[in-house]
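Mapped onto the numbering used here, the consecutive letters of the sequence shown carry residue numbers 346 to 623. Built from N, CA and C at the ideal position, the CB exists for glycine as well. Scroll down for the structure; my scribbles are underneath it.
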Amino acid sequence: MVNSSSSYLGRLAPSPTGLLHLGHARTFWIAQQRALAAGGRLLLRNDDLDTDRCRPDCVAAMLEDLRWLGLNWDEPLLTQSERLPRYRAALAQLHAAGLIFPCQHSRRELAEASVSAPHEGAAGDEPLYPPAFRPALGAPLPPLDAAGWALNWRFRVPDGEVLAFDDGLCGPQAATAGRDFGDFLVWRKDGVPSYQLACAVDDAELAITEVVRGADLIRSTFRQLLVIRALGYEAPAYCHCALVLDAQGERLAKRHDALALRTLRAQGCTPAEVLARF
Ligand code: GLU
Numbered sequence: 346m347v348n349s350s351s352s353y354l355g356r357l358a359p360s361p362t363g364l365l366h367l368g369h370a371r372t373f374w375i376a377q378q379r380a381l382a383a384g385g386r387l388l389l390r391n392d393d394l395d396t397d398r399c400r401p402d403c404v405a406a407m408l409e410d411l412r413w414l415g416l417n418w419d420e421p422l423l424t425q426s427e428r429l430p431r432y433r434a435a436l437a438q439l440h441a442a443g444l445i446f447p448c449q450h451s452r453r454e455l456a457e458a459s460v461s462a463p464h465e466g467a468a469g470d471e472p473l474y475p476p477a478f479r480p481a482l483g484a485p486l487p488p489l490d491a492a493g494w495a496l497n498w499r500f501r502v503p504d505g506e507v508l509a510f511d512d513g514l515c516g517p518q519a520a521t522a523g524r525d526f527g528d529f530l531v532w533r534k535d536g537v538p539s540y541q542l543a544c545a546v547d548d549a550e551l552a553i554t555e556v557v558r559g560a561d562l563i564r565s566t567f568r569q570l571l572v573i574r575a576l577g578y579e580a581p582a583y584c585h586c587a588l589v590l591d592a593q594g595e596r597l598a599k600r601h602d603a604l605a606l607r608t609l610r611a612q613g614c615t616p617a618e619v620l621a622r623f
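Printed below as a string of structure tokens:
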């Protein structure tokens, strides 16, 4: 698969929060096909930062299911929880540039004061951050000392700016900061970065050239583009794959054990039969 003259570098980024299902299989298969077509390489990233939802036993299951399906990636496996110093450095850079602010409001206060974004996706994307909760622009920030690292920090989005990218599968995409998405979480007071920050840092620092992932993350892409730009990196290209739906038309979730790769395999399904289902 490796062609040293190709600069294509993709990644598979599953979260070990449950068993991989048909939807993951489809997205990861497309990612591998695109890497193969470009004669490039693929990395595997274990998105294990959400300590409330990630389960260590799911990591081994995830790797086994991916191998069973016929996916190949370059070693070593990247594990986000081992990259915390990188995310801290990125947060410090955003802090020095005055692009973030601390948010001490509880989840409940936020939910009560938030307005929904106009096209809020069924994926339960985060609601718009209430502008009234924003500190004044240029107000001094608390330092990133022991107390500072134990705060929730948000990225202040450039209100009114239209962000756009040309998706390799879904075509041109655009969203207006402050209208379609608001100030988003980059650091959690329990000492871990948000998905948006960690993903942006990894894609940028590892010089990923193309991100292939589910269409539920299109809006996240606009947030990540802002972080990547703020950190001074070039953005990768993006391809968002249509989600696989269940018989009721709902997107698959890790609770859909009937469509988990493991279940299909236990029922005697071969990888080729799984791939033939989409
Ligand atoms: N780990 C994320 C998820 O499973 C995907 C991250 C990404 O591909 O950017 O939803």
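Identified DSSP bridge partners for residue i
{"i": "F526", "result": "A522"}
{"i": "L514", "result": "None, per the DSSP bridge assignment."}
{"i": "A582", "result": "E555"}
{"i": "H366", "result": "A605"}
{"i": "L590", "result": "R596"}
{"i": "R533", "result": "V537"}
{"i": "A491", "result": "Note: A491 sits in no beta bridge, so no partner."}
{"i": "V507", "result": "T521"}
Residues of its chain near residue i, where Cβ-Cβ distance is below 7 Å and the 5 sequence neighbours each way are ignored
{"i": "R610", "result": "W413"}
{"i": "T424", "result": "N391, D393"}
{"i": "A543", "result": "L394, Q425, Y432"}
Residue i - containing beta strand (DSSP E), residue span
{"i": "W498", "result": "497-500"}
{"i": "T424", "result": "419-424"}
{"i": "F446", "result": "445-448"}
{"i": "L357", "result": "354-357"}
{"i": "L389", "result": "386-391"}
Own chain, CB closer than 8 Å to residue i, minus 5 neighbours either side, in chain order
{"i": "S539", "result": "F529, L530, V531, W532, R533"}
{"i": "G469", "result": "Only weak support is given to the placement of G469: the predicted model assigns it a pLDDT of 48, under 50, and the question is left unresolved by the model."}
{"i": "T362", "result": "D395, R398, C399, R400, C403, K599"}
{"i": "A477", "result": "A458"}
Endpoints, the alpha helix (DSSP H) within which residue i is located
{"i": "C544", "result": "540-550"}
{"i": "F567", "result": "563-575"}
{"i": "Y432", "result": "429-441"}
{"i": "P616", "result": "616-620"}
{"i": "R412", "result": "401-414"}
Own chain residues within Cβ distance below 6 Å of residue i, not counting five before or after
{"i": "C448", "result": "N497, R499"}
{"i": "C515", "result": "H585"}
{"i": "A509", "result": "A519"}
{"i": "A545", "result": "Q569, V572, I573"}
Residue i versus residue j - alpha carbon distance
{"i": "L357", "j": "A580", "result": "17 Å"}
{"i": "A383", "j": "R371", "result": "18 Å"}
{"i": "L367", "j": "L570", "result": "28 Å"}
{"i": "L422", "j": "R428", "result": "12 Å"}
{"i": "A549", "j": "A435", "result": "11 Å"}
{"i": "L444", "j": "P616", "result": "46 Å"}
{"i": "P475", "j": "R452", "result": "12 Å"}
{"i": "P517", "j": "T566", "result": "13 Å"}
{"i": "L489", "j": "L551", "result": "25 Å"}
{"i": "L588", "j": "L576", "result": "30 Å"}
{"i": "F373", "j": "A484", "result": "44 Å"}
{"i": "G559", "j": "G385", "result": "21 Å"}
{"i": "D591", "j": "T608", "result": "15 Å"}
Residue i burial status per 10 Å Cβ neighbour count (16 or more: buried)
{"i": "G466", "result": "Its pLDDT being 44, under 50, G466 is placed unreliably in this model, and the coordinates cannot settle the point."}
{"i": "P430", "result": "exposed"}
{"i": "P355", "result": "Note that residue 355 corresponds to Gly in the displayed sequence, not to Pro. Buried, by the Cβ-count rule."}
{"i": "R501", "result": "buried"}
{"i": "V507", "result": "exposed"}
{"i": "P480", "result": "exposed"}
{"i": "T554", "result": "buried"}
{"i": "Q593", "result": "exposed"}
{"i": "A605", "result": "buried"}
{"i": "L364", "result": "buried"}
{"i": "P487", "result": "exposed"}
{"i": "S350", "result": "exposed"}
beta-carbon residue i near the ligand SAM non-hydrogen atom, thresh 6 Å
{"i": "C515", "result": "Questions concerning the ligand SAM fall outside what the structure shown contains, since the ligands it does hold are the ligand GLU."}
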